[in-house]
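I have placed the structure first, in the form of structure tokens, so that the comments after it can refer back to it.
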Amino acid sequence: MDARFTDEQDEIRRTLRDLLDKRCGPEELRAAVDTPAGHDRALWAALAGRLGLPGLALPETCGGVGGSTWEVMAAHAADAIAAG
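Using this note's numbering, you'd call the opening residue of the sequence shown number 12 and step up by one each time.
Written out as structure tokens, the structure is:
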């Protein structure tokens, strides 16, 4: 089994890491949890719009990305990191 990322997966990984590094420090997470929404709406918009994470596991025929197991696992890991 080849566990290396494809170029596309690596780009998603780098983009996600950059976004989370910039937006998910301890202070930002505490501030987001203290909002009425309980999360950072702008961060969620970036994760959903820019990276398409909510549709990652959905097939393209259903409007999703048709992501692989690796991509779905990376999205779940990012969700856990963002939740603090």
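Yeah, the Cβ is synthetic: ideal placement off N, Cα and C, and Gly gets one too. All of these numbers come straight from a predicted model, not from anything done at the bench.
Check, Outcome
"Backbone secondary structure at residue 52 - three-state DSSP", "helix"
"Assumed close pair residue 85, residue 41 - CB separation to whole angstroms, cut-off 8 Å", "Contact doesn't hold; Cβ gap of about 25 Å is too wide."
"Inter-residue spacing [alpha-carbon to alpha-carbon] between residue 30 and residue 74", "24 Å"
"Pairwise C-alpha distance: residue 55 and residue 48", "11 Å"
"C-alpha gap between residue 32 and residue 18, whole angstroms", "21 Å"
"Contact set for residue 83: own chain, Cβ-Cβ below 7 Å, skip 5 residues either direction", "67, 68"
"Proximity to residue 36 [Cα-Cα], best of 22, 59, 51", "51"
"Straight-line gap, residue 27 to residue 60 (C-alpha atoms, nearest Å)", "12 Å"
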